[in-house]
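Since the structure comes first, as structure tokens, the remarks are kept for the end.
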Amino acid sequence: MAGKKLKIILLRWTVEPELLVAMAAKLCYSPANIEDLLKKITEKDQEKFVEQLVQMNHMSPVEHIGFTFAIEGISRACTHQIVRHRVASYSQQSQRYVGEQSEKNEDGIFDFIIPENFKALGEIKINIFKEQMRCIQGFYDYWVKVLKEESNVVGEKAFEDARFLLPNAAETKIIITMNARELLHFFKERCCLRAQWEIRAMAEEMLRLAMEKCPIIFSKAGPACVNGLCNQGKMTCGKIQEVRGKFKNLKEKNICNNMMPEKTE
């Protein structure tokens, strides 16, 4: 279906992540041997270790924690930004091996993302954008057909050339694995109001999912202004209090959710 919406699933994460960080910190700052690390560290001690690490800016123990997200309903324009974060692993759906012929979808158009500013203009403008995507679909189908009929070029060989017609709006799917330290940096950059709207929405949902599994580590996660001054200089959005309130509410909501009893069958 064209005009797909963002969807994120947290596929895998490190079990007892904050305990693992506490164990790593304990090894760094105490004469403990490996057997001592196996002894249970209380939740209070875990929080203490993590807070001390943050204060000392000793974040390497946090790198032991990993998260893997599956994401769909984002544009190629968005993933071009995502892969700039190099301390991560990515697997993205290929436009070479996955064709975008019109028969792929019921409405005859490849999946695409509609920019928020276009949506704000109303249905008439949205429909114009959709028709422009349909036009591009026609160009794509044309070249797939011509390559087959005139050059006997089919499958991935045709797709790898026809994809040159596809726009940045084309929807894609990607699996991302990041360690917690890189995620903190990612959230600092991409949860900022000056980040592009699409990657910001994605980052905020990733933070919500990560915070559920690792509340202490991500308790202060978010754009730079959440924990200090804005780092955007003259380009600041000027909405520091609003942003701080937003991420404070996210943290409080997560605390409430963690306090709720688990559902039983």
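In terms of our numbering, the sequence shown opens at residue 489 and continues consecutively. Each residue gets a CB set at the ideal place from its N, CA and C atoms; glycine is no exception.
Top-ranked residue by Cα proximity to residue i, from the options
| i | options | result |
| --- | --- | --- |
| glutamate 692 | Met699, Cys702 and Cys679 | Cys679 |
| glutamine 620 | Glu686, Glu535 and Phe598 | Phe598 |
| arginine 572 | Ser639, Glu677 and Glu740 | Glu677 |
| phenylalanine 647 | Ala658, Lys739, Ile687 and Leu635 | Leu635 |
| serine 577 | Pro711, Thr567, Lys495 and Tyr585 | Thr567 |
| histidine 552 | Glu539, Asn521 and Glu504 | Glu504 |
| methionine 723 | Arg682, Glu740 and Ala712 | Arg682 |
| glutamine 580 | Ala558, Val542 and Phe600 | Ala558 |
| arginine 622 | Asp595, Asp524, Pro711 and Cys713 | Asp595 |
| leucine 499 | Ala513, Glu670 and Ile662 | Ile662 |
| phenylalanine 555 | Asn715, Met694, Gly733 and Lys736 | Met694 |
| isoleucine 496 | Gly716, Glu686 and Lys514 | Glu686 |
| glutamine 569 | Gln684, Lys727 and Asn521 | Gln684 |
| isoleucine 728 | Tyr517, Ala513 and Leu717 | Leu717 |
| glutamate 506 | Gln540, Ile522 and Asn521 | Gln540 |
| methionine 544 | Ile601, Tyr517, Asn737 and Lys532 | Tyr517 |
Spatial neighbours of residue i in its chain, beta-carbon cut-off 8 Å, leaving aside the 5 residues before and after
| i | result |
| --- | --- |
| asparagine 742 | Arg696, Met699, Glu700 and Pro703 |
| tryptophan 631 | Ala646, Asp649, Ala650 and Leu653 |
Environment of residue i [buried if 16+ CB atoms lie within 10 Å]
| i | result |
| --- | --- |
| phenylalanine 627 | exposed |
| methionine 666 | buried |
| alanine 658 | buried |
| leucine 654 | buried |
| valine 642 | exposed |
| proline 519 | exposed |
| alanine 608 | exposed |
| isoleucine 664 | buried |
| isoleucine 705 | buried |
Any non-hydrogen atom of the ligand SAM within 7 Å of residue i CB
| i | result |
| --- | --- |
| asparagine 667 | Of ligands this structure carries none, so the ligand SAM is not represented either. |
Residue i - partner residues in DSSP beta bridges
| i | result |
| --- | --- |
| methionine 666 | Phe555 |
| tyrosine 766 | Residue 766 is absent from the model: the chain starts at 489 and stops at 753. |
| glutamate 560 | Lys495 and Lys661 |
| phenylalanine 735 | Beta-bridge pairing links phenylalanine 735 to no other residue. |
| arginine 500 | Thr556 |
| phenylalanine 600 | Ala658 |
Same chain, Cβ closer than 7 Å to residue i, five either side skipped, listed in chain order
| i | result |
| --- | --- |
| aspartate 629 | Gln589 and Ser590 |
| leucine 508 | Thr502, His552 and Ile553 |
| asparagine 656 | Ser563, Arg564 and Ala565 |
| asparagine 719 | Ala712 |
| alanine 689 | Leu494 |
| tryptophan 707 | Correcting the residue type first, residue 707 is serine in the shown sequence and not tryptophan. Within the same chain, serine 707 has close Cβ partners Lys739. |
| phenylalanine 674 | His573, Met666 and Ala691 |
| cysteine 725 | Leu681 and Arg682 |
| glutamate 753 | Here glutamate 753 scores only 48 on pLDDT, less than 50, and its place in the model is too uncertain to base an answer on. |
| leucine 515 | Leu525 |
| lysine 613 | Phe606 |
Proximal residues to residue i (C-beta, below 6 Å), its chain only, five neighbours per side dropped
| i | result |
| --- | --- |
| alanine 510 | Ile529, Gln534 and Phe537 |
| lysine 492 | Gly561, Asp599 and Glu659 |
| arginine 669 | Met547, Val550 and Glu551 |
| glycine 721 | none |
Distance, residue j Cα to residue i Cα
| i | j | result |
| --- | --- | --- |
| valine 731 | glycine 710 | 9 Å |
| arginine 584 | valine 575 | 25 Å |
| methionine 475 | aspartate 524 | Outside the modelled stretch of the chain, which goes from 489 to 753, sits residue 475, for which no answer is possible. |
| asparagine 593 | glycine 587 | 11 Å |
| lysine 633 | serine 582 | 20 Å |
| glutamate 637 | isoleucine 624 | 20 Å |
| asparagine 615 | asparagine 715 | 42 Å |
| leucine 672 | glutamate 604 | 26 Å |
| alanine 513 | phenylalanine 735 | 27 Å |
| isoleucine 522 | asparagine 737 | 39 Å |
| isoleucine 602 | lysine 532 | 46 Å |
| asparagine 640 | glycine 610 | 44 Å |
| glutamate 644 | phenylalanine 617 | 28 Å |
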